[in-house]
Amino acid sequence: MAEYSTNLSIIPYDSEKANIEPAKELLDAESVWKKFLELLSQKLKESEIKTWFSVITPKSYINNTLTIAVPSNDYYGMIVKRFNKQINGVIESGLLGENGKLNYEISQKSLFDEVQEEEKNTNQSETVNSNNSVINFDYPYGNKSQGAEVISDNTETKPFDSNLNPKHQFDTFIKGESNEFAVAAAYAIANNPGKSYNPYFVYGGVGLGKTHLIQAIGHEILKKYPEKKIYYTTTPDFTTQFTTHIAQDRIEFSKGKTGIKKLDEFFKSLDVLILDDVQNLGGKSATQDFMYQIFNTLYNNKKHIIFSCDKPLSELKDIEERLVSRFKWGITVDIQPPSWEMRVAIIQKKYNDFNIQVPEEVIHYIATNVKDSIRTLEGCVAGTISESTLVYDGEINMKIAENVIKRVIGNVKKAKIISLENIIFTVADYLRVSENSILSKKRTKEIAFARQVAMYLAKEMTSMTLQSIGLYFGGKDHATVLYAHNLIRNLIKKDKEAANVVHDIKGILSTL
C-alpha cells in the first residue's frame, strides 16, 4: 500500500517495542499527533476527523518520523485512499521537521489494550445469581461461538452463545461506496467497543447487508476481546422472549427471582447487544419500556448497543420519543443500494466461492437487472448454479441467467435497438452522476468525462447522426460530438482505466 504516497510507509507491529516505549517519546508523539490533527481539521470536516481519525493512536516520534497505529490494513487503505492529499499537505507544512515522515503501524491486535485489561475477568460474576448458579436462559437459536464463559452449578464451563452466524464476517462483506461510511464506523466500534459511536444505528432497505454488517462487528470484537459477552437477536425474537417470560411469570409463582427478572439481568450483563430490525418495536409499549431500561443500563456501563433498521430514525412509527432520542446519541449510518460495479463484484465473489467460472456477459446481465438488493443478487447466483447443475451439466450461460431472472423479477424486456436514453442512463449509473448533469452545461471533470463517454457511445452504438446526437445533448453542434468521440477513442488506447470503463458500459448496454 505504500504506493499511495512517497511520504507514507507501513511498519510491522512490534509488541515488545510497544511495551517498553519511553514515556517522553510517547508524550512527544501525542503532542505532535494532536497538532497534526489540528492542521488536518483545517482541511477536513469535523465529522471526517471524528469518523476516520479518532481510533488512530500515536506510538512514537523519533528523528522527524511520527509513527501512528491503525486498526487494520482495510482501515489504512480507506484512510490513505480518502485523505492522502490532505495528510501529505500537513507533512509538507513542516510540522514533522525536515524530511518529515509518517509511518503506519498496522496490527490485528487491539489498539486499546488498556480497555481490555480494565474489563477483563469482570463478566463471569455478572451472570451469577444469589445461589451462585448461572441464570438458565434459553436461547432461541444459534451456534455456540467463542466468547465469555459462564460457570454452571457443576463448575463445568460452557461457551457463551452469542447467536452470531459464522458466515457473517468482515472478510466476507463486500465493501463499496454505498456502504463505505457504515463499514468504517463498524471497524471503529470493533476496535473500541463501548467507547466509539455508541449506540451504532444502521439503516437501509431490505437485503442490503445490514444483518451481515452488524454481526460482523460482533465477530470482530470476539476476535479482539474473546472474554466479551455479545448477543445478537432480532427484534421479533426479543419481543417473543419478553412476552413469553411475562406469561410464564403469571402462571408460575416461583420462589426467588422471576423469569422476567432473570431475562432483565441477562441482557443487562452483556458487553454488546446487537438488535436487528428495530423498527419492529413499533406499537409494543411494554417491550419498548423493557428495551429502554436495558439501554440505559448498558449505555451507563459503557457497553455497546448496535441497532439495524429498514428506515431512518425520522420515519420510525409508534416508538416512544425517549427511545428514539437515545438511538440518536451515537452514530447513524445508512447503506444504499449497491452501484453497478459493486453488484458485479458481489456476483463475481459468489461464483468464486463455489469455484465456478462464468461468462462475463452473464455477470453483467444479472448486475444490470437486479439493482436494489444484495439478497436478490445472491439468490440469482444460487439459482443459476442450481439450474446449471440439474439441467445443463454444470455450464452457466445466458439462457440460464435469463430463465432465473424471469423467475425472480419477472420478464425482462430487451431493447432491440440501443437508444440514446439507455446510453445516458447507463453511463450515469456507472459513473455515479445524474442523467440531468450529463445533459446540462456543467463542466466539472467528472461530468465532462461522463458526457464525452456518452457521446462516444452514441456514435459507436446508434445510427443517429452527429447533428442529432448534439441536439439531444442540449443543442451541441456536430463538431462538439466529433471532438468528444475522438477524445475518448484516443484515451482508451493509452489509458487502461478509461478503456475498462468504456468496456464495462458497453457490456451493460449489450444486455439491455
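Each residue of the sequence shown is one higher than the one before, starting from 1 at the first, in this note's numbering. Yeah, the Cβ is synthetic: ideal placement off N, Cα and C, and Gly gets one too.
Counting only the same chain and skipping the five closest in sequence on each side, list residues whose C-beta sits under 8 Å from that of residue i.
| i | result |
| --- | --- |
| Leu509 | Ile418, Asn422, Ile423, Thr426, Leu457 and Met461 |
| Leu270 | Lys229, Ile230, Tyr231, Leu298 and Lys303 |
| Met342 | Ile174, Gly176, Glu177 and Ser178 |
| Gly507 | Glu360, Glu361 and His364 |
| Ser434 | Ala428 |
| Leu44 | Phe83 and Gln86 |
| Glu30 | Pro58 |
Residue j and residue i - do their beta-carbons sit closer together than 7 Å?
| i | j | result |
| --- | --- | --- |
| Ile306 | Tyr187 | no |
| Gly218 | Tyr232 | yes |
| Ile221 | Lys229 | no |
| Val324 | Val202 | no |
| Gly207 | Ser373 | yes |
| Asp171 | Thr234 | no |
| Ser388 | Gly379 | no |
| Lys268 | Thr239 | no |
| Phe290 | Phe242 | yes |
| Ala428 | Ile438 | yes |
| Glu320 | Gln288 | yes |
| His212 | His168 | yes |
| Ala367 | Trp340 | yes |
| Ile91 | Gly77 | no |
| Ala498 | Leu491 | yes |
| Asn165 | Gln86 | no |
| Ile409 | Gly204 | no |
| Ile396 | Val358 | yes |
| Asp237 | Gly282 | no |
| Val55 | Asn192 | yes |
| Leu420 | Tyr351 | no |
Apart from the five residues just before and just after residue i, which ones in its own chain have a Cβ nearer than 6 Å to its Cβ?
| i | result |
| --- | --- |
| Gly97 | Asn64 |
| Trp33 | Pro58 |
| Tyr430 | Trp340 and Ile505 |
| Thr67 | Lys59, Ser60, Asn103 and Glu105 |
| Ile274 | Ile214, Gly218, Tyr232 and Ile306 |
| Leu263 | His245 |
If I measure Cβ to Cβ from residue i and keep anything under 7 Å in the same chain, skipping five residues before and after, which residues do I get?
| i | result |
| --- | --- |
| Gln279 | Cys309, Asp310, Lys311 and Leu316 |
| Ile79 | Trp52 and Val70 |
| Ser93 | Leu39 |
| Lys441 | Gly474 |
| Gln467 | His478 |
| Ile189 | Ser196, Tyr197, Tyr200, Ile217 and His304 |
| Ile400 | Thr384, Glu387, Ser388 and Tyr392 |
| Gly470 | Lys476, Asp477, His478, Thr480 and Val481 |
| Gln452 | Ala484, Leu487 and Ile488 |
| Lys416 | Here the model assigns Lys416 a pLDDT of 46, short of 50, so the residue's position is not dependable and the matter cannot be decided. |
| Leu37 | Ile49 and Phe53 |
| Arg322 | Tyr292 |
| Met464 | Leu420 and Ala458 |
Can you tell me where the alpha helix (DSSP H) holding residue i begins and where it ends?
| i | result |
| --- | --- |
| Glu341 | Trp340 to Asp353 |
| Asp277 | Looking at the DSSP string, Asp277 is not in any alpha helix (DSSP H), and its letter there is neither H nor E. |
| Ser388 | Ile374 to Leu390 |
| Lys268 | Gly259 to Lys268 |
| Thr211 | Lys210 to Lys224 |
| Val324 | Glu321 to Phe327 |
| Phe449 | Lys445 to Met461 |
| Tyr187 | Glu180 to Asn191 |
| Ser162 | Counting along the chain, Ser162 falls outside any alpha helix (DSSP H), and DSSP gives it neither H nor E. |
| Leu439 | Glu435 to Leu439 |
Under DSSP, the beta strand (DSSP E) around residue i begins and ends at which residues?
| i | result |
| --- | --- |
| Ile331 | Ile331 to Ile335 |
| Leu102 | Lys101 to Ile106 |
| Val308 | At residue 308 the sequence reads Ser, which differs from the Val that was named. Where Ser308 is concerned, the enclosing beta strand (DSSP E) stretches over His304 to Cys309. |
| Thr172 | Here Thr172 belongs to no beta strand (DSSP E), and DSSP marks it neither H nor E. |
| Thr65 | Thr65 to Val70 |
| Ser468 | Careful: Ser468 lies outside any beta strand (DSSP E), inside the alpha helix (DSSP H) at Leu466 to Tyr472. |
| Ser60 | Thr57 to Ile62 |
| Tyr299 | No beta strand (DSSP E) contains Tyr299, which is instead part of the alpha helix (DSSP H) from Ser285 to Asn300. |
| Thr480 | Careful: Thr480 lies outside any beta strand (DSSP E), inside the alpha helix (DSSP H) at His478 to Lys494. |
| Ile230 | Ile230 to Thr234 |
| Tyr203 | Tyr200 to Gly204 |
Consider the C-beta atom of residue i and the heavy atoms of the ligand GTP; say whether any pair is separated by less than 6 Å.
| i | result |
| --- | --- |
| Ala345 | By its list of ligands, the structure shown contains no ligand whatsoever, and the ligand GTP lies outside what it can speak to. |
- Inter-stretch contact at 8 Å, needing at least 3 Cβ pairs: the stretch 181–195 / the stretch 346–356: no
- Query: Taking contact to mean at least 3 C-beta pairs separated by less than 8 Å, is the stretch 482–502 in contact with the stretch 391–411?
  - Reply: no
- alpha helix (DSSP H) runs contained entirely in the stretch 393–430, provided each spans 4 or more residues: 398–409
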